[in-house]
Structures are given as structure tokens and as C-alpha cells.
Amino acid sequence: MNEAVRYELTGGIARIALVEAGGTVLNRASLVSLSTFLERAARDSRCRAVVLEAEPGEEFCRGLDLDWLLTAEADAPEQFHDCLTSLGTCSKPVIARIAGRVVGGGLGLVAACDIVIAASEASFQLSEVIVGMIPALIAPFLLTRLSPARLRALALGSRTLTAPEAWQWGLVDEVAQDDLDTACYRQIDRLLRSSPDALAATKRYLQKLRAPAAAELALARTELAAWLADPEHLEGIRAFAEGFAPPWFARRRRSRV
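Numbering of the sequence shown is given in this note's numbering, commencing with residue 147 and proceeding in unit increments.
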């Protein structure tokens, strides 16, 4: 299995780690591994909960690999969408343990998790418009946590949220006031005292109430496919991926006093 993502089951807790050497940038291999490990955790009766984290942790996720997105087959967006969906449909509660920076599509992973616990130094940025992309696939998942107004400000403004700000906005459920692991273990202890069947049934029910509707997801796929079909859009994204300034980069002119 791809070493960009690691899986370990200990004490009833499945830990799925995005490895900074390759897993924190999402591509075909890491998405397939992540989905596979979520399915493994769901099938394993010994597993009571899942923790999604990054190793070593300074950077949780940088979003989709732009090189892969530009050269991959047409089903690349589908793979990302399926992975986000699997986080919500996994029968076990999924905790996102955020120790560092989250950018772009990584916010989709965060929003799709059941419980999000972040270190005080963690940060969150929806940077798609800077790259030349639209947040089509992750917006339906972000709307399960953010108000439409908050999502609009985040998507158009590309501002970086601190962990306390992300908590105020609803993207984060808890900011660790002490040690991040201590905060995660407190939540794990509560889950271990809960009925596994009741947790699974509650998660299924809440998914029916709040999960992105099929029409929303179909619209997301259609919008992204149309965007990526435009050669000018691809040229700008490719320039950004290669380290060059895309054509839309501009600086505000300073007015004279």
C-alpha cells in the first residue's frame, strides 16, 4: 500500500496518517489509500473510531496535487469526491487531528470529518481562486459546517483563518488549550464509552439530514468539469503549479498621499 498514507489500529482506534513526504498533497495514490483504509476501519469490528492526521504534523494537507490534476484522467475529480464522501459514510466516527496548516482541498477533508480538533497554531486557507481553480467539490461539504455567507467570504477572500477563528466560524469543533493529543484522547474516551451501534446509527441518520444532496454533488462535478475544459484556465493553473506568476496576478497601486 502507498506509503504516502499509513494505517495503524491500536486499542480500538484506527489512525490514518497523511505522510508529509507525499500524502499531504492529494493524488490518485493517496486518495485510493485513504478510501481503502476508511473501508478497512469500517469493516473491522475491533475499530471503534478513526483519527485522521498528518505525519509529522506541521502540515495537515496542501490540497490536490495540481500536476496530477492537470495530467490525470478525467475521473480525477470523481476520486476526490468519492474520498470526501467516504469520510462521511464511514460507519465509525472520524476525528480530524489538525496540528498545522490546511490549504485548498484539505479543507474538504476537514469538513467531511465528524469531529475536528485543532492545535492553537493550526491555520486554514481556501486558496482555490489564487491557484485559478473553483472550490466546486469541497463547497458542498463546507456548507455542512459554514454558513453560506462565511463560505462566500472564505472562498472569495482567500484569507487564512487561525484555529480560534475557524472554531468561531464552525469549521473546527475544539481548539486544544493544552496538548493536542490530550484533547484528542479526551474525545476518544467519550467515544469508547458510547454504543458502537448507536454511534453508527446516529451517523447514518445525521448524514441523511445534513449530507450534501445528490443534486448539489452533481452540480459540483459539472461545474468543475466545465472549468477544467477551458484551455486558458488550464494554462493559468499550470503556470502556478510550475512556480510562475499566472496571468491574473496583479498588485494594488499605491495612491499618493
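For every residue, glycine included, the Cβ atom is placed at its ideal position computed from N, Cα and C.
Query raised in the report: Hey, quick one: how far does the beta strand (DSSP E) through S232 stretch, first residue to last?
Result: Where S232 is concerned, there is no enclosing beta strand (DSSP E), although the alpha helix (DSSP H) it sits in stretches over A222 to T235.
Query raised in the report: What do you reckon, are the CB atoms on Q271 and V240 nearer than 7 Å?
Result: no
Query - Identity of the residue in L338, T290 and C193 nearest A357 by Cα - result: T290
Query raised in the report: From C207, S179, I244 and S232, pick the residue whose C-alpha is nearest to that of W313; which is it?
Result: I244
Query raised in the report: For L307, which option in W373, S266, R152 and A322 has the closest C-alpha, if you only look at C-alpha atoms?
Result: S266
Query raised in the report: From F390 to S304, what distance separates their C-alpha atoms?
Result: 19 Å
Query raised in the report: Going by C-alpha distance, which of G209, D221 and T231 is nearest E185?
Result: T231
Report task. Answer with buried or exposed for L355, where buried requires no fewer than 16 other C-beta atoms within 10 angstroms of its C-beta. Result -> exposed
Report task. To the nearest angstrom, report how far apart D260 and A387 are at their CA atoms. Result -> 32 Å
Query raised in the report: Taking C-beta to C-beta, are D278 and I383 nearer than 7 Å?
Result: Reading off the sequence, residue 278 comes out as Gly, not Asp. Contact flag set, yes.
Query raised in the report: According to DSSP, is R336 helix, strand or coil?
Result: helix
Report task. Return helix, strand or coil for E149, following the three-state DSSP convention. Result -> coil
Requested in this report: Using beta-carbon positions only, say whether A309 and A366 come within less than 7 Å of one another.
Outcome: no
Query raised in the report: Are the CB atoms of L164 and T156 nearer to each other than 7 Å?
Result: no
Query raised in the report: Using DSSP with H/G/I as helix, E/B as strand and the rest coil, what is I383?
Result: helix
Query raised in the report: Between which two residues does the beta strand (DSSP E) containing S176 stretch?
Result: Where S176 is concerned, there is no enclosing beta strand (DSSP E), although the alpha helix (DSSP H) it sits in stretches over R174 to R189.
Requested in this report: Starting from the C-beta of R350, find all residues in its chain whose C-beta is less than 8 Å away, skip the five residues before and the five after it, and write them out in chain order.
Outcome: S237
Requested in this report: Look at the alpha carbon of A257 and the alpha carbon of L317, and state the distance between them as a whole number of angstroms.
Outcome: 7 Å
Requested in this report: Please report the Cβ distance between L198 and G251, rounded to the nearest whole angstrom; I am assuming they are in contact, meaning their Cβ atoms lie under 8 Å.
Outcome: About 14 Å; that fails the 8 Å criterion.
Requested in this report: Indicate the three-state DSSP secondary structure (helix, strand or coil) for Q314 in the structure shown.
Outcome: helix
Report task. Put L283 into one of helix, strand or coil per three-state DSSP. Result -> coil
Query raised in the report: Taking Cβ to Cβ, would you say L177 is nearer than 7 Å to Q225?
Result: yes
**Report entry** Terminal residues of the beta strand (DSSP E) in which A195 lies
**Finding:** A195 to E201
**Report entry** Three-way DSSP call (helix, strand, coil) for C330 in this model
**Finding:** helix
Query raised in the report: Relative to the C-alpha of Q323, which residue among C207, R397, A268 and L233 is closest?
Result: A268
Query raised in the report: What residue from D325, A347, P342 and A285 has the CA that sits closest to A364's CA?
Result: A285
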